[in-house]
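Trainee: First to last, the sequence lines map onto chains A and B. By this note's numbering, the letter at position 2 of the first sequence is numbered 145, and the numbering carries on one by one without gaps. By this note's numbering, the letter at position 29 of the second sequence is numbered 488, and the numbering carries on one by one without gaps. For glycine and all other residues, C-beta sits at the position ideal for the given N, C-alpha and C. Here's a structure for you.
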Amino acid sequence: MTRVMGVSGSPHRRGNTETLLDAFLGGAREAGAGVEKVVLSDLSYTSCRGCNVCHRTGICVVEDEAIPLLEAMAGVDLLALASPIYSMGITAELKGLVDRAQYLWARRFSLGTLDYPPEHLESHRGVFLSTAGSDWPGVFDAAFPVVQALFSGLGFSYVENLVYDSMDRHGGVRRHPTALAGARAAGRRLAGEGGAD
Amino acid sequence: MPITALGFAGSPRRHGNSETLLDRVLEAMASEPGVEVEKVVLVDADVRPCRGCNICEKTGDCVQKDGMIPLYDRILEADCVLLAAPVYCMGLPAQAKALVDRAQVYRSRRYVLGWPVVPEERKGKRLGIYLGTAGQDWEYVFDATLASVRCFMHVAGIRERDLATLLVRSVDESGAVKRYPTALDDAAALGRNAVATLRERLGP
Chain A
144 MTRVMGVSGS PHRRGNTETL LDAFLGGARE AGAGVEKVVL SDLSYTSCRG CNVCHRTGIC
204 VVEDEAIPLL EAMAGVDLLA LASPIYSMGI TAELKGLVDR AQYLWARRFS LGTLDYPPEH
264 LESHRGVFLS TAGSDWPGVF DAAFPVVQAL FSGLGFSYVE NLVYDSMDRH GGVRRHPTAL
324 AGARAAGRRL AGEGGAD
Chain B
460 MPITALGFAG SPRRHGNSET LLDRVLEAMA SEPGVEVEKV VLVDADVRPC RGCNICEKTG
520 DCVQKDGMIP LYDRILEADC VLLAAPVYCM GLPAQAKALV DRAQVYRSRR YVLGWPVVPE
580 ERKGKRLGIY LGTAGQDWEY VFDATLASVR CFMHVAGIRE RDLATLLVRS VDESGAVKRY
640 PTALDDAAAL GRNAVATLRE RLGP
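Written out as structure tokens, the structure reads:
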């Protein structure tokens, strides 16, 4: 059974982004996947301190709910990260989690103690779901490299973006012509392909 | 009236590379007559993430009563707003992103409520400075941080043409920026130029 985890980085409960994520996870469930959802605003973790101890040890010195969550995320087959666009980037909550994954970057690229073989990267797939109020071209562009950084540390290949802009004009994700159906279909398709079986 | 500068140290690491650049710019500005500078260290400032409640779209104020509340006025009162931050995972550190996101209040005032963000007589006069450092040497390493910083300055009433940047790549370990051939001199020059421009714009 494909294990799917959705991580919602929106502080706004049941808003556009979380609703989009729910549609994706609903699709994955329809495909028979085991689905889990984590809402970051329910968790307690602090921002990275920039102490760089992990660059020497590969271990984060801060003990809170960030590291157990990152370890759980690394264990699924399909990881869906969701965040609205705030000021051209992901939310501070999700950025806080991404920054805490620096210890994985240190293991993989600095210490050389973590390596993901090609078959691992193939079977661990990550998608990014996002909504933006505005219709500016490129409104999601600054979020993508940050998401890539997290997937890269966790050992996931970043396979797809499910991003929908102009939420203000449409009056929210539920009134958007394609967003929820698109996310549901993608959840069904990606959870139905591969996984640990 | 003195010229005022408000600088944010956005790194979780104290006295590291980006804060060193900020200190140098603020020093250069403060050494000019009639200039007052102030530094806010974000890790000590209790600026929490935006909750996305959108209440500011109705009230023009933030409901979270934390360290950001006094900063809302101080940012608008400053003639020069500076933000110093390293690149973390291709973006601003979460602490600096929280500051940027809380500036959503200014956006609500201007674009939702139709209020002026800065008084008419100060429009088009204020300056912004972004001091970025990155461990990597990639050409595009600052792209994502710049998008959020431009957003912050824009909603705070600072025009894009009035935003100066100093971006230093390949500085990772604490103190590396001091060995970078041009960084500290460039920072001092940025500070002096900002004061000169503000003097011209604001008059005696």
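Between which two residues does the alpha helix (DSSP H) harbouring A/N159 extend?
Mentor: To locate residue 159 of chain A, count along the first sequence from 1; it is residue 16. Segment N159 to E173, the alpha helix (DSSP H) holding A/N159.
Trainee: Is the beta carbon of A/R243 sitting closer than 7 Å to the one on A/C197?
Mentor: One-based indexing of the first sequence puts residue 243 of chain A at position 100. One-based indexing of the first sequence puts residue 197 of chain A at position 54. No. Outside cutoff.
Trainee: Since B/N652 sits in a beta bridge, which residues does DSSP pair it with?
Mentor: Locating residue 652 of chain B in the second sequence gives position 193, counting from the first residue. Partner(s): none; B/N652 has no beta bridge.
Trainee: Express the C-alpha separation of B/G469 and B/S629 in angstroms, rounding to a whole number.
Mentor: Position 170 of the second sequence, counting from 1, holds the residue named residue 629 of chain B. Position 10 of the second sequence, counting from 1, holds the residue named residue 469 of chain B. In a straight line, the C-alpha of B/S629 is about 18 Å away from that of B/G469.
Trainee: When burial is assigned at 16 or more other CB atoms within 10 Å of the CB, is A/N159 buried or exposed?
Mentor: By 1-based counting over the first sequence, the position of residue 159 of chain A is 16. Buried, by the Cβ-count rule.
Trainee: Give me the DSSP bridge partner(s) of B/C539.
Mentor: Looking up residue 539 of chain B in the second sequence gives position 80. According to DSSP, B/C539 bridges with B/A464 and B/L586.
Trainee: Where A/Y301 and A/V290 are concerned, what is the direct C-alpha to C-alpha distance, given to the nearest angstrom?
Mentor: The residue labelled residue 301 of chain A in the question sits at position 158 within the first sequence. The residue labelled residue 290 of chain A in the question sits at position 147 within the first sequence. C-alpha separation (whole angstroms): 8 Å.
Trainee: In chain A, which residues lie with their C-beta within 7 Å of the C-beta of B/Q554?
Mentor: Residue mapping note: residue 554 of chain B aligns to position 95 of the second sequence, counting from 1. Per Cβ cutoff of 7 Å: S190.
Trainee: Taking 7 Å as the threshold (beta carbon to beta carbon), is A/V310 in contact with chain B?
Mentor: As a working mapping, residue 310 of chain A is identified with position 167 in the first sequence. Correcting the residue identity first, residue 310 of chain A is Met in this sequence and not Val. Answer no: the Cβ-Cβ gap between A/M310 and chain B never drops below 7 Å.
Trainee: Going straight from the alpha carbon of B/A647 to that of B/R483, what length do you get?
Mentor: Here residue 647 of chain B refers to the residue found at position 188 when the second sequence is read from its first residue. Here residue 483 of chain B refers to the residue found at position 24 when the second sequence is read from its first residue. Looking at the two C-alpha atoms, the distance is approximately 6 Å.
Trainee: Tell me the rounded alpha-carbon separation between B/L590 and B/D621.
Mentor: One-based indexing of the second sequence puts residue 590 of chain B at position 131. One-based indexing of the second sequence puts residue 621 of chain B at position 162. Answer to the nearest angstrom: the Cα atoms are 14 Å apart.
Trainee: CB B/A543 to CB B/P552, shorter than 7 Å?
Mentor: Numbered from 1 along the second sequence, position 84 holds the residue referred to as residue 543 of chain B. Numbered from 1 along the second sequence, position 93 holds the residue referred to as residue 552 of chain B. It is not a contact, given that the beta carbons lie outside the stated cut-off.
Trainee: A/L221 bridges to which residues according to DSSP?
Mentor: Here residue 221 of chain A is taken as the residue at index 78 of the first sequence, counted from 1. Answer by DSSP bridge pairing, in chain order: A/V147 and A/R268.
Trainee: Rounded to a whole number of angstroms, what is the C-alpha to C-alpha distance between B/A537 and B/P640?
Mentor: Within the second sequence, residue 537 of chain B is the residue found at index 78, counting from 1. Within the second sequence, residue 640 of chain B is the residue found at index 181, counting from 1. Taking the straight line joining both Cα atoms gives about 31 Å.
Trainee: Cβ atoms of B/P471 and B/V499: under 7 Å apart, would you say?
Mentor: Residue mapping note: residue 499 of chain B aligns to position 40 of the second sequence, counting from 1. Residue mapping note: residue 471 of chain B aligns to position 12 of the second sequence, counting from 1. No.
Trainee: Can a CB atom of chain B be found closer than 7 Å to the CB of A/S230?
Mentor: Taking the first sequence and counting its residues from 1, the one referred to as residue 230 of chain A is at position 87. Yes, A/S230 lies at the interface with chain B (some Cβ there is under 7 Å from its Cβ).
Trainee: Roughly how many angstroms lie between the CA atoms of B/G616 and A/A334, to the nearest whole one?
Mentor: Looking up residue 616 of chain B in the second sequence gives position 157. Looking up residue 334 of chain A in the first sequence gives position 191. Rounded to the nearest angstrom, the two C-alpha atoms are 46 Å apart.
Trainee: Does any residue of chain B bring its CB to less than 7 Å from the CB of A/G193?
Mentor: Counting from 1 along the first sequence, the entry for residue 193 of chain A is found at position 50. Chain B, which has a Cβ nearer than 7 Å to the Cβ of A/G193, makes this yes.
Trainee: Would you mind working out which of A/L297, A/A209, A/I228 and A/E206 sits nearest A/P280, comparing C-alpha positions?
Mentor: In the first sequence, the residue the question calls residue 280 of chain A occupies position 137. Closest option to A/P280, Cα to Cα, is A/I228.
Trainee: Using only CA atoms, which one of A/S151, A/G239, A/L264 and A/E206 lies nearest to A/L224?
Mentor: Position 81 of the first sequence, counting from 1, holds the residue named residue 224 of chain A. Of the candidates A/S151, A/G239, A/L264 and A/E206, the one whose C-alpha sits nearest the C-alpha of A/L224 is A/S151.
Trainee: Within 10 Å of its beta-carbon, does B/H613 have 16 or more other beta-carbons around it, so buried, or fewer, so exposed?
Mentor: Here residue 613 of chain B refers to the residue found at position 154 of the second sequence. It is buried - the Cβ of B/H613 has at least 16 other Cβ atoms within 10 Å.
Trainee: The stretch 461 to 475 of chain B: which residues have C-beta closer than 8 Å to a C-beta of chain A, in chain order?
Mentor: Taking 8 Å as the Cβ-Cβ cut-off against chain A, the residues of the stretch 461 to 475 of chain B that qualify are S470, P471, R472 and G475.
Trainee: Shorter than 7 Å from the beta carbon of A/D340 to some beta carbon of chain B?
Mentor: In the first sequence, the residue the question calls residue 340 of chain A occupies position 197. Only weak support is given to the placement of A/D340: the predicted model assigns it a pLDDT of 42, under 50, and the question is left unresolved by the model.
Trainee: Helix, strand or coil for A/Y301 per DSSP?
Mentor: To locate residue 301 of chain A, count along the first sequence from 1; it is residue 158. In this structure, A/Y301 counts as strand in the three-state DSSP scheme.
Trainee: Between the stretch 562 to 569 of chain B and the stretch 199 to 214 of chain A, do at least 3 Cβ pairs fall closer than 8 Å?
Mentor: As far as the Cβ criterion goes, the stretch 562 to 569 of chain B does not touch the stretch 199 to 214 of chain A, which means the pair count is below three.
Trainee: Can the beta-carbon of A/S230 be found less than 7 Å from the beta-carbon of B/S477?
Mentor: For the purposes of this step, residue 230 of chain A is taken as residue 87 along the first sequence, with counting starting at 1. For the purposes of this step, residue 477 of chain B is taken as residue 18 along the second sequence, with counting starting at 1. No, these two residues do not count as a Cβ contact at 7 Å.
Trainee: Throw me the rounded Cβ distance for the B/G475 and B/V506 pair, which I believe falls under 8 Å.
Mentor: As a first step, residue 475 of chain B must be located in the second sequence, where it is residue number 16. As a first step, residue 506 of chain B must be located in the second sequence, where it is residue number 47. Actually they do not touch by this definition, with Cβ atoms about 19 Å apart.
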